[in-house]
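Down below is the structure, laid out as structure tokens.
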Amino acid sequence: MKKMVMSVCLSAGFLLGSAAATPAAYANSEEPQLKVKIVDSKGGEVGTALLTQKGAAVQIHIEAANLPPGEHGIHFHENGKCDPPDFKTAGAHFNPAGKQHGFHNPKGYHAGDLLNIQVKQDGTVTADLETQSVTLNKGAANSLLKPGGTAIIIHEKADDYVTDPSGNSGNRIACARIE
Ligand SMILES: [Cu+2]
Ligand SMILES: [Zn+2]
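Numbered according to mature numbering (1 follows the signal peptide of the UniProt record, and there is no 0), the sequence shown spans residues -27 to -1, 1 to 152.
What follows is the structure in structure tokens.
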């Protein structure tokens, strides 16, 4: 959220300060961006994820509450479905390249794999993640906006970054549809 406000201010400042704004300046302020709702296993909203395409990378800004404290696995999953309570309909990890799971797996890793997030004792989390394995550009093989969409899943346990297919991260406790 903070980031978005800042970048808006910066572009506005630039445009005001320069009568001859180039098309490049406009392109820069039109980075594909998408805000999605995170729901828990009862279907209630617990937060948001802001996805921003920055060059070759997608940045993910997570803000959520009412989650169990501790380290949790988080991944992009292959279907744009979040049916509570178990979110099984989101399918497996997003894996267009047919790899195994985990950053520490020699046969890895899935395009949808991400680093764990840390939920504080009060149940809130603010996290910034980044990956070059996916894109918001429609039509690309690794696009999060493929037909049917994709989902962000938060798991009950930490991802061990090696065990196929999901890093031993346990049940799915929260989900956000991306489409
Ligand atoms: Cu997952
Ligand atoms: Zn994976």
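All residues carry an ideal CB built from backbone N, CA and C; glycine is no exception.
Can you pull the DSSP bridge partners for residue i?
i	result
D86	H48
G94	Residue 94 is actually Gln in this sequence, not Gly. In the DSSP output, where bridge partners are listed per residue, Q94 has none listed.
G64	Partner(s): none; G64 has no beta bridge.
S116	T108
G81	Q73
Within 10 Å of its beta-carbon, does residue i have 16 or more other beta-carbons around it, so buried, or fewer, so exposed?
i	result
A84	buried
G71	exposed
A149	buried
residue 162	Absent from the structure is residue 162, since the part of the chain shown begins at -27 and ends at 152.
K119	buried
A114	exposed
H77	exposed
D59	exposed
L88	exposed
N52	buried
Under a three-way DSSP split, which group does residue i fall into?
i	result
A38	coil
T99	strand
T108	strand
A131	coil
A70	coil
D137	coil
G43	strand
S(-10)	Because the pLDDT of S(-10) is 38, which lies under 50, any placement of that residue in the model is unreliable, and the number read from its coordinates should be weighed accordingly. DSSP places S(-10) in coil when its eight states are reduced to three.
What residue range does the beta strand (DSSP E) around residue i cover?
i	result
C148	145 to 151
V19	18 to 27
Q6	6 to 13
A124	123 to 128
*Take every Cβ of the region 36 to 52, pair it with every Cβ of the region 84 to 99, and state whether three or more of those distances are shorter than 8 Å.*
yes
*Give a yes or no on contact between the region 73 to 82 and the region 95 to 104, applying the rule of three or more CB pairs nearer than 8 Å.*
no
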